[in-house]
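Asks: Dropping a structure here in structure tokens format, bear with me for questions.
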Amino acid sequence: MVKESKFYDMLGVSSDASEAQLKTAYKKGALKFHPDKNPGNAEAEAKFKEISHSYEVLSDPQKRQIYDQYGEAGLEQGGGGGGGMAAEDLFSQFFGGGGGGGFGGFGGMFGGGGQRDMGPRKARPILHKHKVSLEDMYRGKVSKLALQKSVLCSACNGRGGKEGAVKTCNGCEGRGVKTMLRQMGPMVQRFQTVCPDCNGEGETVREKDKCKQCKGKKTSVERKILHVPVDRGVQSGKKVEFPGEGDQVPGVEPGDVVFEIEQKPHPRFQRREDDLFYKAEIDLLTALAGGSVHIEHLDDRWLNVEILPGEVISPGAIKVIRGQGMPSYRHHDFGNLYIIFDVKFPEHLDISDEQVRMLESVLPPRQPGVEAPKDVMMDDFQLEAIDPARDQRAAGLLGGGAGHAHGEDDEEEGMGGERVQCASQ
């Protein structure tokens, strides 16, 4: 007597069905409800997956035994219910792969829809951050980076030993892992462990037959120089790909090496797309009476910026020099250079009455303030400089600075690489 019959019912067989009966039932149901035969039918697709999962469990003697005794809960707790083979992969394996289509000879039966390549697995891409100065982004360059990667041993062609000497491990049948069952009270735990006979390699070779060059490891380390182009105007986040330059592993197509351009922080400029932002400090006299501001650009040029007398630059004012920003990536125009002015006021002035009158003659008249009502008591006070030790709240207000509104893009992300190591040349 089985605990649950759901999987048997899904296949339309009894709980004592033989392996041949399970296969026949699966073949009939899989062909009937296959997504390629029922395009756009979500219910048929779900049925196809349920039939495939049921057959995967019941066709495995160990999983079937756990299911018969404890049901689906036993599979989940015992490690036999999670993951498993995809429904399409099970279909392909059952009916035979090869042929270039995901469903072997049955791909054409359904018009070829949903087919996928069953060729060699490809390793995932390996991503490296390539930090570049803003000057190099402005002018463009080619970076030479040294790559340390694994390549198939040239002496044994990645076999690890003499031809014919490498054998499939009998202990794990080439899988590299063994499946174990452990009784835990009323439950059975199913787990996998690395095969001790082949140390997880899936193959064995006698010591005397191992490749003398790679010592049976199948790969060796190679150093290669890659030339990474940094185009003029390139922005952070741009990826430069080198197909097939990842580590080589037997039976796996090498992955790609991808360098992601990342701008280094710059001491003078901040960048937003094609525009540059520069913070210029000027004194009060220059802000009122005019003067010059000199800016060192990213290509060793110096810009002379004239402030005309009477133009009056307010604290935090932003002016623009058009066409002096970053070059537009793969275009022929330039962004703008925005100058954010920070006006420094003198801390104290020794000024005479005559000089005050001279200022009053050139500056706009004083703005009338709040007038106190007549016939009220008036107390006289003088201002003092704050003491940071005594006036902590006020000191905290002064700690922000004027430039905070323009620092939103300062944060940088980091991402580590993987096996392949690289270094700048």
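So that you can map any letter, position 398 of the sequence shown is 393 in the numbering used here, and since no number is skipped, the others follow by simple counting. Heads up, the beta-carbon is just placed ideally off N, CA and C, and yes, glycines get one too. Keep in mind the model is a prediction, meaning the values are calculated, not measured.
Under a three-way DSSP split, which group does residue 147 fall into?
Replies: Residue mapping note: residue 147 aligns to position 152 of the sequence shown, counting from 1. Correct three-state label for residue 147: strand.
Asks: Between residue 17 and residue 6, which are expected to be in contact by the criterion C-beta below 8 Å, what is the C-beta distance as a whole number of angstroms?
Replies: Position 22 of the sequence shown, counted from the start, is the residue given in the question as residue 17. Position 11 of the sequence shown, counted from the start, is the residue given in the question as residue 6. The Cβ separation is near 7 Å, so the contact holds.
Asks: Might you give, ordered along the chain, the residues of its own chain that have their beta carbon closer than 6 Å to the beta carbon of residue 233, omitting 5 neighbours on each side?
Replies: What you label residue 233 is simply residue 238 of the sequence shown in a count that begins at 1. Excluding positions up to five away in sequence, the list reads 256.
Asks: Under the three-state reduction of DSSP, which class applies to residue 421: helix, strand or coil?
Replies: A query on residue 421 cannot be resolved here, the shown segment of the chain reaching from -4 to 420 and no further.
Asks: Could you check how far apart the C-beta atoms of residue -3 and residue 63 are, in whole angstroms? I think they sit under 8 Å.
Replies: The residue given as residue -3 occupies position 2 in the sequence shown. The residue given as residue 63 occupies position 68 in the sequence shown. Confirmed, about 4 Å.
Asks: From the DSSP output, in three-state form, read off residue 333 for me.
Replies: For this step, residue 333 is matched to residue 338 along the sequence shown. Three-state DSSP puts residue 333 in a strand.
Asks: DSSP on residue 8, reduced to helix/strand/coil?
Replies: Here the question's residue 8 lines up with position 13 in the sequence shown. Here residue 8 sits in coil by DSSP.
Asks: Going by CA-CA distance only, name the one from 326, 310, 248 and 268 that's closest to residue 278.
Replies: Indexing the sequence shown from 1 puts residue 278 at position 283. Per the Cα distances, 310.
Asks: Taking the straight line between their C-alpha atoms, what separation do you get for residue 216 and residue 135?
Replies: Position 221 of the sequence shown holds residue 216. Position 140 of the sequence shown holds residue 135. Approximately 32 Å, taken between the alpha carbons.
Asks: With a cut-off of 8 Å, do at least 3 Cβ pairs link the region 155 to 167 to the region 133 to 147?
Replies: With the cut-off at 8 Å, the region 155 to 167 and the region 133 to 147 do not touch.
Asks: What are the boundary residues of the alpha helix (DSSP H) that residue 43 is part of?
Replies: Position 48 of the sequence shown, counted from the first residue, corresponds to residue 43. From DSSP, the alpha helix (DSSP H) with residue 43 extends over 37 to 53.
Asks: Extract the residue ranges of the beta strand (DSSP E) inside the region 204 to 262, only unbroken runs of 3 or more that lie entirely within it.
Replies: Whole beta strand (DSSP E) segments, 3+ residues: 214 to 225, 234 to 237 and 252 to 258.
Asks: Taking the continuous alpha helix (DSSP H) assigned at residue 432, which residues delimit it?
Replies: In the structure as shown, the chain starts at -4 and stops at 420, and residue 432 therefore has no counterpart that could be examined.
Asks: Taking the alpha carbon of residue 269 as the point to measure from, which residue in 129, 246 and 148 has its own alpha carbon closest?
Replies: Start at 1 with the first residue of the sequence shown, and residue 269 comes out as number 274. If we check each option's Cα against that of residue 269, 129 comes out closest.
Asks: Secondary structure at residue 136, three-state DSSP: helix, strand or coil?
Replies: Taking the sequence shown and counting its residues from 1, one reaches residue 136 at position 141. The answer is strand: DSSP assigns residue 136 an E or B state.
Asks: What does the Cβ neighbour count give for residue 41, buried or exposed, with the cut at 16 atoms within 10 Å?
Replies: Start at 1 with the first residue of the sequence shown, and residue 41 comes out as number 46. The residue in question, residue 41, is exposed, as its Cβ has fewer than 16 Cβ neighbours within 10 Å.
Asks: Using DSSP with H/G/I as helix, E/B as strand and the rest coil, what is residue -1?
Replies: The residue given as residue -1 occupies position 4 in the sequence shown. Three-state result, residue -1: coil.
Asks: Measuring CA to CA, which of 154, 47, 267 and 304 is closest to residue 320?
Replies: In the sequence shown, residue 320 corresponds to position 325, counting from 1. When only C-alpha atoms are compared, the closest one is 267.
Asks: Taking DSSP as the reference, what is the three-state secondary structure of residue 351?
Replies: Position 356 of the sequence shown, counting from 1, holds the residue named residue 351. DSSP places residue 351 in helix when its eight states are reduced to three.
Asks: Taking 8 Å as the cut-off, does the region 205 to 215 touch the region 301 to 316 (at least 3 CB pairs, one atom from each stretch)?
Replies: The region 301 to 316, when compared against the region 205 to 215, does not touch it at the 8 Å Cβ threshold.
Asks: Whose C-alpha, out of 332, 68 and 34, is nearest the C-alpha of residue 264?
Replies: As a working mapping, residue 264 is identified with position 269 in the sequence shown. For the residues 332, 68 and 34, the minimum Cα distance to residue 264 belongs to 332.
Asks: To the nearest angstrom, how far is the alpha carbon of residue 182 from that of residue 66?
Replies: On the sequence shown, position 187 is the one that residue 182 refers to. On the sequence shown, position 71 is the one that residue 66 refers to. Each residue's Cα considered, the two are about 11 Å apart.
Asks: What do you get for residue 199, buried or exposed, if any count of 16 or more other CB atoms within 10 angstroms of its CB means buried?
Replies: By 1-based counting over the sequence shown, the position of residue 199 is 204. Buried, by the Cβ-count rule.
Asks: Work out the CA separation of residue 275 and residue 336 for me, nearest whole Å.
Replies: Working through the sequence shown from its first residue, we reach residue 336 at position 341. Working through the sequence shown from its first residue, we reach residue 275 at position 280. So the two alpha carbons sit approximately 5 Å from each other.
Asks: Looking only at its chain, what residues have a beta carbon closer than 6 Å to the beta carbon of residue 303, apart from the 5 residues adjacent to it on each side?
Replies: Position 308 of the sequence shown, counted from the first residue, corresponds to residue 303. These residues qualify, in order along the chain: 285.
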